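Scroll down for the structure; my scribbles are underneath it.
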Amino acid sequence: MRMLRWSCGVTRMDRIRNEVIRDKIKVTEVTKKIQERRLQWYGHVMRRDEDYVGKRVSRMEVEGRRARGRPKKRWEHCINKDLSEKGLRGNEVHNRGSWKLLTKNADPT
1303 MRMLRWSCGV TRMDRIRNEV IRDKIKVTEV TKKIQERRLQ WYGHVMRRDE
1353 DYVGKRVSRM EVEGRRARGR PKKRWEHCIN KDLSEKGLRG NEVHNRGSWK
1403 LLTKNADPT
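Heads up, the sequence shown is in the working numbering, so the first residue is 1303 and it goes up one at a time.
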């Protein structure tokens, strides 16, 4: 956000909200772009062969106990959250063209 403020010539003392600056420059949030790339990578992995190492690792179960406390955030949990946020089920992944359109977080126009 700092770069956007700098490119607009705005400082924090001007008290302009981040949403206003993003609308002015017509860019989307960084978190939305990260979500888009994460879902595109998920589609890439799911379209690969069954013996692909990335697919095997995603199905792997690790033996043993976890450490005490809150469980660590896992990539799978992020993907499930992203899929539910976008209203996707995950079976649309096999059509590459439509998957790219479904996962796209367009920049505001």
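Ideal placement from N, C-alpha and C gives every residue a C-beta, glycine not left out.
From a predicted model like this one, the values you see are computed outputs, not experimental measurements.
Using CA atoms only, rank isn't needed, just tell me which of Asp1384, His1396 and Gly1399 is closest to Glu1338. Asp1384
Considering only the beta carbon of each residue, do Met1348 and His1396 sit closer than 9 Å? yes
Limits of the unbroken alpha helix (DSSP H) element including Val1395: Looking at the DSSP string, Val1395 is not in any alpha helix (DSSP H), and its letter there is neither H nor E.
Just to confirm, are Leu1421 and Leu1341 a CB contact at a threshold of 9 Å? The question about residue 1421 has no answer here: the residues shown for the chain are numbered 1303 through 1411.
Buried or exposed by the 16-neighbour rule on C-beta atoms within 10 Å, applied to Trp1377: Around the C-beta of Trp1377, fewer than 16 other C-beta atoms lie within 10 Å, and the residue is accordingly described as exposed.
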